[in-house]
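Engineer: Read left to right, the sequence shown gives residues 1 to 342 (UniProt numbering).
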Amino acid sequence: MIDLFTPWTFKGLELKNRVVMPPMCQYSVEKKDGIATDWHYVHYVSRAIGGAGLIIIEMTDIDPDGRITDNDLGLWSDEQIPALARIVEACHKYGAKVAIQIAHAGRKAQDAPIPVAPSAIAFNDQYKTPRALTTDEVKALPEKYAQAVKRAVQAGFDAIELHGAHGYLIHEFQSAFTNKRTDEYGKDLTRFGTEVSQAAKSEMSAGMPLIMRISAIEYVNGGYGLEHSTALAKAYKEAGVDLFHVSAGGEGPIAAAGKPGTHAAYQVPFARAIKKAVGTSVIAVGRLDDPVLANAVIGNEDAELVAVGRGMLRNPYWTLEAAAKLHKETNVPNQYLTGFAH
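Here is the structure:
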């Protein structure tokens with residue numbers, strides 16, 4: 001039987017357990033230069049000390065105007081590499097593997113003078129109306145993703161995640177709710193995400209997994225459902241995506257904010273469905289903070305990995321606590337052994 005503390009290997013990625021820290025924006029860049037700070041170092045390294053198998057660094061943007069806010073991380077410049085490399089090296093020292101989420105906020109770039117998007121549709125009346133990208137501009141964007149991925153590889157990351165969820169740029173292109181284009185990027189809603197995936201893959205070694213975070217359903221009238229996201233996942237798999245991180249929402253009220261559901265494991269059925277239909281490994285996420293529940297998701301083979309967000313914000317040592325509660329063996333730092341003695 002497999003459980004939360006069964007090691008997992010995929011391609012060249014070897015994880016000591018199935019626990020993932022998902023990307024969660026810290027909005028903690030101090031000089032608006034996209035460079036990780038001491039806050040980011042302590043934040044991520046403490047979760048590595050706390051036992052997480054895979055840590056995914058928060059949304060890191062390909063362009064200064066592609067950030068949600070000017071306090072977000074970036075990888076549009078070589079100057080941003082060393083601070084991230086320092087985090088990766090320290091996390092490795094404590095037994096965690098590290099991925100990074102590469103993204104562009106699209107119409108949800110709050111601090112951009114004029115955000116860009118597939119179509120000139122504002123997220124809501126509190127957001128700026130974006131400018132619709134020209135076809136030539138769209139064609140140039142995958143290379144920006146590729147250059148960010150190239151820098152991530154130089155920084156020593158073990159895997160790359162593309163952000164195709166939560167209403168950001170890739171998601172905006174793949175949804176008929178936000179994409180009203182009449183060119184090839186409107187006629188084929190998978191085209192942009194496919195081109196970005198292929199561009200990212202071109203900068204990665206054969207043993208390095210490419211993850212796509214995807215919204216399985218949209219919580220808005222006129223939004224897509226599981227049938228569409230399954231078709232998206234199949235196209236992205238063909239383009240080189242190895243693993244799907246299955247979330248939901250982003251074009252309407254996000255589920256985590258209270259609509260339409262906040263019950264435990266509310267997104268696990270989506271992960272299970274995409275895993276079965278697409279034939280890929282998946283990361284389940286969403287209200288999985290209870291170790292017994294997280295363990296059941298793995299044991300029932302609903303997903304290969306479980307992401308624990310709020311639980312790790314509250315407790316950097318969530319994974320060590322989970323092992324104690326589930327009576328599983330894990331490597332507790334020598335300095336903390338007294339705290340976990342029976």
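Beta carbons are placed, not taken as given, at the ideal position from N, Cα and C, and that holds for glycine. This one's a predicted model, so the numbers in the text were calculated from it and none came from an experiment.
Taking DSSP as the reference, what is the three-state secondary structure of residue 255?
Structural biologist: Within the sequence shown, the letter at position 255 stands for residue 255. Unreliable positioning characterises residue 255 in this predicted model, as indicated by a pLDDT of 49, which lies under 50. The coordinate reading is nonetheless provided below. Three-state DSSP puts residue 255 in a helix.
Engineer: In this structure, what does DSSP give as the bridge partners for residue 97?
Structural biologist: The residue labelled residue 97 in the question sits at position 97 within the sequence shown. DSSP, once it has assigned bridges, lists 54 as partnering residue 97.
Engineer: Taking residue 60 as the reference, give the member of 52, 51, 54 and 70 with the closest Cα.
Structural biologist: Translated into positions along the sequence shown, residue 60 becomes position 60. Comparing Cα positions, the closest option is 70.
Engineer: What residue ranges within the region 54–135 form continuous alpha helix (DSSP H) runs of no fewer than 4 residues, ordered along the chain?
Structural biologist: If we require 4 residues or more, the alpha helix (DSSP H) runs fully inside the region 54–135 come out as 81–93.
Engineer: What are the uninterrupted segments assigned as beta strand (DSSP E) that are 3 or more residues long and contained completely in the region 156–209, given in chain order?
Structural biologist: Qualifying beta strand (DSSP E) stretches, in chain order: 159–164.
Engineer: Contact between the region 270–278 and the region 188–207: three or more CB pairs below 8 Å?
Structural biologist: No, because fewer than three Cβ pairs between the region 270–278 and the region 188–207 fall closer than 8 Å, the two stretches do not touch.
Engineer: Does the region 220–235 come into contact with the region 29–38, if we say contact requires no fewer than three beta-carbon pairs (one atom in each stretch) closer than 8 Å?
Structural biologist: These segments do not touch.
Engineer: Counting along the chain, where does the alpha helix (DSSP H) carrying residue 321 start and finish?
Structural biologist: The residue you call residue 321 lines up with position 321 of the sequence shown. Run containing residue 321: 318–326, per the alpha helix (DSSP H) assignment.
Engineer: Taking residue 3 as the reference, which of 306, 337 and 332 has the closest Cα?
Structural biologist: Locating residue 3 in the sequence shown gives position 3, counting from the first residue. Checking every option, the nearest Cα to that of residue 3 belongs to 306.
Engineer: Would you kindly report the start and end of the unbroken beta strand (DSSP E) that includes residue 229?
Structural biologist: Here residue 229 corresponds to residue number 229 of the sequence shown, with the count starting at 1. Careful: residue 229 lies outside any beta strand (DSSP E), inside the alpha helix (DSSP H) at 226–238.
Engineer: Are the region 154–172 and the region 236–252 touching, with three or more C-beta to C-beta distances below 8 Å?
Structural biologist: As far as the Cβ criterion goes, the region 154–172 touches the region 236–252, which means the pair count is three or higher.
Engineer: With a cut-off of 8 Å, do at least 3 Cβ pairs link the region 90–99 to the region 174–184?
Structural biologist: Output reads no: the region 174–184 does not touch the region 90–99.
Engineer: Can you tell which of 67, 125, 330 and 309 has the C-alpha that lies nearest to the C-alpha of residue 109?
Structural biologist: The count along the sequence shown starts at 1 and reaches residue 109 at position 109. Looking at the Cα atoms, 67 is the closest of the given residues.
Engineer: Under DSSP, the alpha helix (DSSP H) around residue 292 begins and ends at which residues?
Structural biologist: Walking along the sequence shown from the start, residue 292 turns up at place 292. Counting along the chain, the alpha helix (DSSP H) containing residue 292 begins and ends at 291–299.
Engineer: Can you say whether residue 9 is buried or exposed, counting buried as having 16 or more other CB atoms within 10 angstroms of its CB?
Structural biologist: Within the sequence shown, the letter at position 9 stands for residue 9. Classification for residue 9: exposed.
Engineer: Between residue 251 and residue 38, what straight-line distance do the alpha-carbon atoms span, to the nearest angstrom?
Structural biologist: Reading the sequence shown from its first residue, position 251 is the one you call residue 251. Reading the sequence shown from its first residue, position 38 is the one you call residue 38. C-alpha separation (whole angstroms): 33 Å.
Engineer: Pick out whichever of 126, 208 and 241 has its Cα sitting closest to the Cα of residue 214.
Structural biologist: The sequence position of residue 214 within the sequence shown is 214, counting from 1. Among 126, 208 and 241, the Cα nearest to that of residue 214 belongs to 241.
Engineer: Suppose contacts are defined by Cβ-Cβ distances below 7 Å. Is residue 62 in contact with residue 76 by that definition?
Structural biologist: Translated into the one-based positions of the sequence shown, residue 62 becomes position 62. Translated into the one-based positions of the sequence shown, residue 76 becomes position 76. Yes. Within cutoff.
Engineer: What whole-angstrom Cβ distance do residue 196 and residue 142 have, given they're in contact under 8 Å?
Structural biologist: Here residue 196 refers to the residue found at position 196 of the sequence shown. Here residue 142 refers to the residue found at position 142 of the sequence shown. That belief holds up - the Cβ atoms of residue 196 and residue 142 are roughly 5 Å apart, short of 8 Å.
Engineer: CA-CA distance, residue 86 and residue 15?
Structural biologist: To locate residue 86, count along the sequence shown from 1; it is residue 86. To locate residue 15, count along the sequence shown from 1; it is residue 15. The alpha-carbon atoms of residue 86 and residue 15 are separated by roughly 20 Å.
Engineer: According to DSSP, is residue 245 part of a helix, a strand, or is it coil?
Structural biologist: Residue mapping note: residue 245 aligns to position 245 of the sequence shown, counting from 1. Strand, per DSSP.
Engineer: How big is the Cα-Cα spacing for residue 309 and residue 289?
Structural biologist: Indexing the sequence shown from 1 puts residue 309 at position 309. Indexing the sequence shown from 1 puts residue 289 at position 289. Going by the C-alpha atoms only, they are around 8 Å apart.
Engineer: The beta strand (DSSP E) with residue 281 in it runs from where to where?
Structural biologist: For the purposes of this step, residue 281 is identified with residue 281 of the sequence shown, where counting begins at 1. Note, residue 281: beta strand (DSSP E), 281–285.
Engineer: Verify whether the separation of the beta carbon atoms of residue 155 and residue 199 is less than 7 Å.
Structural biologist: Against the sequence shown, residue 155 aligns to sequence position 155. Against the sequence shown, residue 199 aligns to sequence position 199. Going by C-beta atoms, residue 155 is not nearer than 7 Å to residue 199.
Engineer: Going by DSSP in three states, residue 338 sits in which element: helix, strand or coil?
Structural biologist: What you label residue 338 is simply residue 338 of the sequence shown in a count that begins at 1. Correct three-state label for residue 338: helix.
Engineer: Once DSSP output is grouped into helix, strand and coil, what is the label at residue 212?
Structural biologist: Stepping through the sequence shown from its first residue, residue 212 is reached at position 212. Reduced to three states, the DSSP call for residue 212 is strand.
Engineer: Mapping DSSP to helix, strand and coil, what is residue 15?
Structural biologist: The residue labelled residue 15 in the question sits at position 15 within the sequence shown. Strand, per DSSP.
Engineer: Do three or more CB pairs link the region 117–131 to the region 43–54 at distances below 8 Å?
Structural biologist: The region 117–131 vs the region 43–54: no contact.
Engineer: Is the separation between the beta-carbon of residue 203 and that of residue 150 shorter than 7 Å?
Structural biologist: Within the sequence shown, numbered from 1, the residue matching residue 203 stands at position 203. Within the sequence shown, numbered from 1, the residue matching residue 150 stands at position 150. Yes.
Engineer: Use the C-beta contact count for residue 285: other C-beta atoms within 10 angstroms, 16 or more gives buried, fewer gives exposed.
Structural biologist: Taking the first residue of the sequence shown as position 1, residue 285 is located at position 285. Its Cβ being crowded by 16 or more others within 10 Å, residue 285 is buried.
Engineer: Grab me the residues of residue 234's own chain with a C-beta within less than 7 Å of its C-beta, minus the 5 sequence neighbours each way, in chain order.
Structural biologist: On the sequence shown, position 234 is the one that residue 234 refers to. Same-chain partners within the cutoff: 278.
Engineer: Please state whether DSSP places residue 5 in a helix, a strand or coil.
Structural biologist: Locating residue 5 in the sequence shown gives position 5, counting from the first residue. Note: residue 5 maps to coil in three-state DSSP.
Engineer: Which term fits residue 58, buried or exposed, when burial requires 16 or more other beta carbons within 10 angstroms of its beta carbon?
Structural biologist: Taking the sequence shown and counting its residues from 1, the one referred to as residue 58 is at position 58. By the 10 Å Cβ count, residue 58 comes out buried.
Engineer: What does the alpha-carbon distance come out to for the pair residue 97 and residue 104?
Structural biologist: Sequence index remark: in the sequence shown, residue 97 carries index 97 (1-based). Sequence index remark: in the sequence shown, residue 104 carries index 104 (1-based). Each residue's Cα considered, the two are about 24 Å apart.
Engineer: Are the CB atoms of residue 65 and residue 112 nearer to each other than 7 Å?
Structural biologist: For the purposes of this step, residue 65 is identified with residue 65 of the sequence shown, where counting begins at 1. For the purposes of this step, residue 112 is identified with residue 112 of the sequence shown, where counting begins at 1. Closer than 7 Å, so yes.
Engineer: One question on the structure: do residue 100 and residue 165 come within less than 7 Å of each other, judged by their Cβ atoms?
Structural biologist: One-based indexing of the sequence shown puts residue 100 at position 100. One-based indexing of the sequence shown puts residue 165 at position 165. Result no, Cβ atoms of residue 100 and residue 165 do not sit closer than 7 Å.
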